[in-house]
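In what follows, a single structure is set out as structure tokens and then discussed.
In our numbering, the protein residues as written are 174 to 456.
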């Protein structure tokens, strides 16, 4: 079949965006992998599907497929690309929309300066709901956060377990550029204590309102930026008493801004979304 697509990115986290309102999109995991392949397909970290809303009071349905072909719950950078796409394509005349995802409803909006802010909802801080199996483990309290121990490649690791609609394990490192993302990332992602796998975040504190971050994403490997990973890292840093909102997050693909007032308040993710090109591919 031939499908039309738009290539987009948010701070270097790149996407193939598909309009399922005006064309039929029913791909197998192998076809999603082919579409994401950077040599034999279009190439992307994730594929984003825009579809008609199924729930009342919602504008659109948003589905996310990782480069490994698996469908996942959430993608913050993708949500910004989603908003730019539906506005640019005339699918809505609203500047703020409600979008249903596998993990719930998010509310992104286009700002006057062209950046996009996404209300990502409140973080999930209960380990069992992340989900993380803490059976037999003793946590270490730091500030308001509980840090959990794991042995990764024979090294002890203490991390924060947080869900932003998808699971994250966040650790603080001294120099993120030298962090063992390539070696530790996949081991953390597939650790058996994370039944749905996990995104592994490596955070360096630069000041109380600025961090550097690298994320090894579940099903995609290290990406140039991860929106939910940035949210999870900032939440972890604030809870540990290391950061104050708002926080600028330096990623390898660009800068994001994260604001969180704490507790059950929503996390706000702000950053760019860029259209790269459009095309048609036979899958």
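Ideal Cβ positions, reconstructed from N, Cα and C, are used throughout, including at glycine.
*Please work out which residues of its chain come closer than 7 Å, Cβ to Cβ, to residue 274, disregarding the five sequence neighbours upstream and downstream, and give them in chain order.*
Cβ within range, chain order: 235, 246, 247, 338.
*Just the C-alpha distance for residue 214 and residue 378, rounded to the nearest angstrom, thanks.*
37 Å
*Considering only residues of the region 307 to 390, which uninterrupted alpha helix (DSSP H) runs meet the minimum length of 4 residues and lie entirely inside it, listed in chain order?*
354 to 362
*Measure the Cβ-Cβ separation of residue 406 and residue 376 and say whether it is below 9 Å.*
yes
_For a test of the three-state rule: what should DSSP assign to residue 219, helix, strand or coil?_
Secondary structure at residue 219: strand, using DSSP grouped into helix, strand and coil.
*What are the start and end residues of the alpha helix (DSSP H) that includes residue 272?*
Careful: residue 272 lies outside any alpha helix (DSSP H), inside the beta strand (DSSP E) at 272 to 274.
*What does DSSP give as the partner residues of residue 282 in its beta bridges?*
269, 290, per the DSSP bridge assignment.
_Excluding the 5 residues flanking residue 185 on each side, which residues of the same chain have their C-beta closer than 8 Å to its C-beta?_
396, 397, 398, 424, 425, 426, 427
*Classify residue 291 as buried or exposed, calling it buried when 16 or more other Cβ atoms lie within 10 Å of its own Cβ.*
buried
*Close beta carbons around residue 204, own chain, < 6 Å, minus the five adjacent residues each side*: 456
*From residue 261 to residue 255, what does the alpha carbon distance come to, in whole angstroms?*
Cα to Cα, residue 261 sits roughly 10 Å from residue 255.
*Is residue 177 closer than 9 Å to residue 452 when the C-beta atoms are compared?*
yes
*asked:* If you reduce the DSSP assignment to three classes, tell me which class residue 425 lands in.
replied: coil
*In the DSSP assignment, find the unbroken beta strand (DSSP E) run with residue 447 in it and report its ends.*
447 to 455
*The alpha helix (DSSP H) spanning residue 257 covers which residue range?*
Bounds of the alpha helix (DSSP H) holding residue 257 are 249 to 261.
_Proximity of residue 342 and residue 373 at Cβ, strictly below 9 Å_ = yes
_Quick check: what's the CA-CA separation for residue 238 versus residue 219?_
6 Å
*asked:* Is the beta carbon of residue 297 closer than 9 Å to that of residue 336?
replied: In this structure, residue 297 lies closer than 9 Å to residue 336 by Cβ.
_Per DSSP, what are the beta-bridge partners of residue 187 in this structure?_
Within the DSSP bridge table, the entry for residue 187 names 182 as partners.
_For residue 352 and residue 321, believed in contact at Cβ under 8 Å, the rounded distance_ = That pair is no contact at about 19 Å.
*Who pairs with residue 244 in a beta bridge, going by DSSP?*
According to the DSSP secondary-structure assignment, residue 244 is paired through a beta bridge with 238.
*asked:* Is the separation between the beta-carbon of residue 367 and that of residue 305 shorter than 9 Å?
replied: yes
*Quick one: using the 10 Å Cβ neighbour count with 16 as the cut-off for buried, is residue 449 buried or exposed?*
Burial check for residue 449: the Cβ neighbour count within 10 Å stays below 16, so the residue is exposed.
*By Cβ distance, which residues of its chain are closer than 8 Å to residue 281, with the 5 residues on each side in sequence left out?*
If the five residues before and after residue 281 are omitted, its C-beta is found closer than 8 Å to the C-beta atoms of 252, 253, 255, 256, 269, 270, 272, 289, 290, 291, 292, all from its own chain and listed in chain order.
*Thinking just about the alpha-carbon of each residue, which of 188, 194, 327, 369 is nearest to the one in residue 224?*
194
*Express the C-alpha separation of residue 230 and residue 181 in angstroms, rounding to a whole number.*
27 Å
*When the distance is taken between beta carbons, is residue 391 closer than 9 Å to residue 371?*
yes
*Tell me where the beta strand (DSSP E) around residue 201 begins and ends.*
Run containing residue 201: none; DSSP gives neither H nor E here.
*For residue 250, is the classification buried or exposed, using 16 other Cβ atoms within 10 angstroms of its Cβ as the cut-off for buried?*
buried
*Looking only at C-alpha atoms, which of 325, 331, 326 sits nearest to residue 313?*
331
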